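To get the numbering used here, take the position in the sequence shown, counting from 1, and add 25.
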Amino acid sequence: MIHRAGRRGKAAVVLGRIDLVRALGRAGIASIVVAARADPIGYSRHVIGTIDPGAGAVDALLAHAGGSVEPPPLFYDSDAALMLVSRNRDRLGRAYRFVLPETELVEDLLDKRRFQELAERLGLPVPRARRITGDDLGLRFPVVVKATPHRDRRWEEAGFATKVLLVNDPPALRDVVTRIDDTGLEAIAQELIPGPEDRIESYHVYVDDAGAVAGEFSGRKIRTAPPQFGMTTSLEITDDADVVTAGRDAIERLAFHGVAKLDFKRAPDGRLHLLEVNPRFTLWTHAGAVAGVNLPAIVHADLTGRRRPPVGRARAGVRWIWPRADAAAARASGVSRLSWLLWALRSETNSSFALSDPAPYLVRRLRDMVGR
26 MIHRAGRRGK
36 AAVVLGRIDL
46 VRALGRAGIA
56 SIVVAARADP
66 IGYSRHVIGT
76 IDPGAGAVDA
86 LLAHAGGSVE
96 PPPLFYDSDA
106 ALMLVSRNRD
116 RLGRAYRFVL
126 PETELVEDLL
136 DKRRFQELAE
146 RLGLPVPRAR
156 RITGDDLGLR
166 FPVVVKATPH
176 RDRRWEEAGF
186 ATKVLLVNDP
196 PALRDVVTRI
206 DDTGLEAIAQ
216 ELIPGPEDRI
226 ESYHVYVDDA
236 GAVAGEFSGR
246 KIRTAPPQFG
256 MTTSLEITDD
266 ADVVTAGRDA
276 IERLAFHGVA
286 KLDFKRAPDG
296 RLHLLEVNPR
306 FTLWTHAGAV
316 AGVNLPAIVH
326 ADLTGRRRPP
336 VGRARAGVRW
346 IWPRADAAAA
356 RASGVSRLSW
366 LLWALRSETN
376 SSFALSDPAP
386 YLVRRLRDMV
396 GR
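Written as structure tokens, this is what we have:
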């Protein structure tokens, strides 16, 4: 089912979260989000309509675009949305405009084993890894075990509670191998780069069709939940030349066009090791936009034939937080409630409340209170 509201300019159709919507909104670009009509994101001041995915997002998207004079620009910010767009690019490409790497490269980047093989062929600085076919891998312990091509329900059925596993020695690996074999899973083991999660730094970029870098910035994680291999709960924009240099080198070797986030981990000796490449928008987009590099707005300009917004050097220090999760993560790391609150109040962006766009948060809180 499609709900439309009055349009202003060329609205973006968004398969994504509030951070992407607010980044677009910061540039004066309205969004039509793929979400149920009751979803709180639909109450954002930047949202002018929703597309209910119903039984199928692709059919709903095509039905919406059928009423457009020009193909709308399409944005996505999750692996699921990326796969949906990439694997239906022929159908969606006739109705929408979007930036997307070649099909084979998307699949290479999403599949942990294929990415490792590609990175080794191209000489990218990835940690050593092997596909798990037994318990003698010739790797240095500890290792990190990841499902390939991606996690599914069998990962949880095998008793694995985290998205990746830390394996400290050969006996522990033998146990993992047994549990993997019992479920039919495939996995790779990768040598662990020592250090906490705040040693993970990232390069964010949009490379246009001509192969030119149209916008870029760097950043680092502050906290995750759980503390090791967890989801990001707070982050900040940085100004690290070596991260940008490493990111640009990787993008060139990959012959990459589109939007990407490259995660590196800085080893104790200072070297950067590439962990993964996400060829899509991410939760970093709003913080990047506030810092002065609005990647969604630049892409929107290219897709709609408009002049690109001004792009400068990203302002280091802009932060994003996931308030509830980060408060818990901070307490777990020994930070007092008051110290965290004072710090959080100085964070420029977050996943929940925005003074300029309060309705999604207020709707969610009201429903929580009514539902109690």
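Ideal Cβ positions, reconstructed from N, Cα and C, are used throughout, including at glycine.
Predicted, not measured: the structure shown is a model, and the values here were computed from it.
Under the three-state reduction of DSSP, which class applies to P253: helix, strand or coil? As written in the sequence, residue 253 is Gln, which differs from the Pro given in the question. The answer is coil: DSSP assigns Q253 none of H, G, I, E or B.
Measuring alpha carbon to alpha carbon, tell me which of A82, H89, L45, A88 ends up nearest S69. L45
Whole-angstrom Cβ separation of Y228 and V268, contact assumed at under 8 Å? 5 Å
Since P174 contacts K137 with CB under 8 Å, what's their CB separation in whole angstroms? 7 Å
Let me make sure I understand the geometry here. Which of A355, P304, A316, A55 has the alpha-carbon closest to that of E129? P304
Close-in-space but distant-in-sequence residues of the same chain around I213 (CB under 8 Å, 5 per side omitted): K137, R138, Q141, A154, R155, R156, I157, V170, K171, T173
Whole angstroms are fine: how far does the CA of A379 sit from the CA of L363? Between the alpha carbons of L363 and A379 lies a distance of about 21 Å.
Of the choices S377, R389, G163, D233, whose alpha-carbon is the least far from that of H282? D233
Just to confirm before moving on: does the CB-CB distance between G184 and S103 stay below 8 Å? no
Less than 8 Å separating the beta-carbons of I225 and R245? yes
So, with DSSP's three-state summary, where would you put A183? Three-state result, A183: coil.
Cα-Cα, which of D393, N113, S372, A105 is closest to R176? A105
Using C-beta distances below 7 Å, list every residue in its chain close to T307, excluding the 5 sequence neighbours before and after it, in chain order. D102, K286
Whole angstroms are fine: how far does the CA of S361 sit from the CA of L109? 42 Å
Find out if the Cβ-Cβ distance for the pair R344, S243 is shorter than 8 Å. no
To which residues of the same chain is S376 closer than 8 Å at the C-beta, ignoring the five residues directly before and after it? R42, I43, D44, L308, W345, I346, W347, P348
Exposed or buried, what is Q253 when buried is set at 16 or more other beta-carbons lying within 10 Å of its beta-carbon? exposed
DSSP state of D288, grouped into three classes? strand
When the Cα of P335 is compared with those of G317, P78, A352, which residue comes out closest? G317
To the nearest angstrom, report how far apart M256 and W180 are at their CA atoms. The straight-line gap from Cα to Cα measures roughly 17 Å.
Which of the three DSSP states, helix, strand or coil, is assigned to S111? helix
6 Å CB neighbourhood of N113 in its chain, flanking five on each side removed: Close CB contacts of N113 within its chain, under the 6 Å cut and outside five residues either way in sequence, are with V83 (chain order).
Under the rule that 16 or more other beta-carbon atoms within 10 Å means buried, what is K290, buried or exposed? Within 10 angstroms of the beta-carbon of K290 lie 16 or more other beta-carbons, which makes it buried.
Using the DSSP secondary-structure output, state which residues sit across from Y101 in a beta bridge. L40
Nearest to D294 by CA position, among F100, D133, I73, G220, is which residue? G220
What residue from A144, D77, D265 has the CA that sits closest to A61's CA? D77
Please classify R392 as buried or exposed, where buried requires at least 16 other C-beta atoms within 10 Å of its C-beta. exposed
8 Å Cβ shell around D160 - same chain, five flanking residues per side excluded: P195, L198, R199, V202
Which of the three DSSP states, helix, strand or coil, is assigned to H71? coil
Which residue wins for smallest C-alpha separation from V58, given the options A186, A85, R51, A52? A85
Taking 8 Å as the cut-off, decide whether the C-beta atoms of I247 and A339 are in contact. no
Between V388 and P65, is the Cβ-Cβ spacing less than 8 Å? yes
If I follow the unbroken alpha helix (DSSP H) through T310, where does it start and stop? 310–315
Taking the alpha-carbon positions, what's the A90 to V39 distance? 13 Å
In angstroms with no decimal places, state the Cα-to-Cα distance between D265 and E95. 40 Å
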